[in-house]
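Structural data, given as structure tokens:
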């Protein structure tokens with residue numbers, strides 16, 4: 075959509091971080107700022123640059139399919155009186171998206187992603203690096219927002235998705251600048267930030283790590299609304315349990331793919347849903363359950 079496609083790819087098993095980029099958005103209603111904990115920046119993993127729009131090469135071996143993770147087997151020693159959790163509700167209809175999508179409800183869309191930079195380009199850094207505690211606080215706040223309070227109040231961006239996307243994009247480095255100009259934690263393109271601020275009446279600063287997290291969360295929410303309306307009949311569940319082994323089977327995978335490649339490549343008007351970057355999707359899906367960042 076309105077974002078750039080260079081990103082930091084992360085190989086979960088090898089703990090290798092590759093730089094990619096993202097596009098972000100703003101939010102319907104302003105949210106209170108989260109006081110940044112006083113903490114010294116912590117050491118982050120080394121990163122190597124990769125052109126935006128190029129699919130991450132590393133595919134975590136832990137992800138054999140895009141279905142739900144295996145549920146833990148109840149312990150034999152568990153108390154008989156323990157309350158059992160109710161299973162998550164399943165989609166009443168088929169999980170597959172519409173073959174012929176509905177016309178988009180969002181007629182104004184973000185700018186197209188830029189072309190990938192040269193492979194020999196190295197990322198740069200600007201300003202101070204936020205600590206992991208500060209980044210965690212900002213991402214948690216972004217995940218707790220209601221991005222569409224009037225027209226789609228049920229849209230929620232999972233914290234695991236925001237954390238994993240930020241790790242995939244930047245390794246949680248708040249001051250990194252990609253060769254294609256993707257900025258900060260969520261690798262927000264300046265043009266995308268400007269578009270989202272205008273679309274939602276906000277004034278977030280893409281260089282501020284907290285605002286950058288809000289922009290990333292808002293872009294994920296915008297993609298959820300855009301793709302959910304077109305292909306999933308306004309069912310906005312970003313739930314891995316709704317996914318099958320087919321990457322184009324669920325909204326979660328489509329939103330992840332579009333964050334990397336843009337809305338136009340994933341949700342082309344009048345055409346079936348498309349996942350052009352399967353390795354990127356698998357990486358982020360794996361990070362949602364296996365990333366070391368989940369424990370920060």
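In this note's numbering, the protein residues as written are 75 to 370. Think of the CB as a built atom: it goes at the ideal place given N, C-alpha and C, for glycine as much as any other residue. Bear in mind the structure is a predicted one, so any value in this text is a computation, not a measurement.
- Residue 171 is positioned such that its CB atom lies no closer than 8 Å to that of residue 300.
- Cβ neighbours of residue 351 within its own chain (closer than 7 Å, five residues either side excluded): 129, 331, 334, 335.
- The Cβ atoms of residue 316 and residue 231 do not sit closer than 8 Å to each other.
- In summary, residue 223 is exposed, with fewer than 16 beta-carbon neighbours lying within 10 Å of its beta-carbon over all protein chains present.
- Nearest neighbour of residue 291 by Cα position, chosen from 213, 182, 196, turns out to be 213.
- Judged by DSSP secondary structure, residue 248 falls outside any alpha helix (DSSP H); it is assigned neither H nor E.
- With at least 16 other beta carbons inside 10 angstroms of its own, residue 237 counts as buried.
- Sorting 210, 297, 266 by C-alpha distance to the C-alpha of residue 187 places 266 at the top.
- Taken atom to atom, the span from the alpha-carbon of residue 355 to that of residue 243 is near 12 Å.
- Within the segment 279–365, the runs of alpha helix (DSSP H) at least 4 residues long that lie entirely inside it are, in chain order, 283–305, 325–335, 337–340, 352–364.
- Following the DSSP letters along the chain, one finds residue 209 inside the alpha helix (DSSP H) bounded by residues 206–217.
- Counting along the chain, no alpha helix (DSSP H) covers residue 370, and no H or E run does either.
- For residue 235 and residue 219, the gap between their C-alpha atoms comes out near 14 Å.
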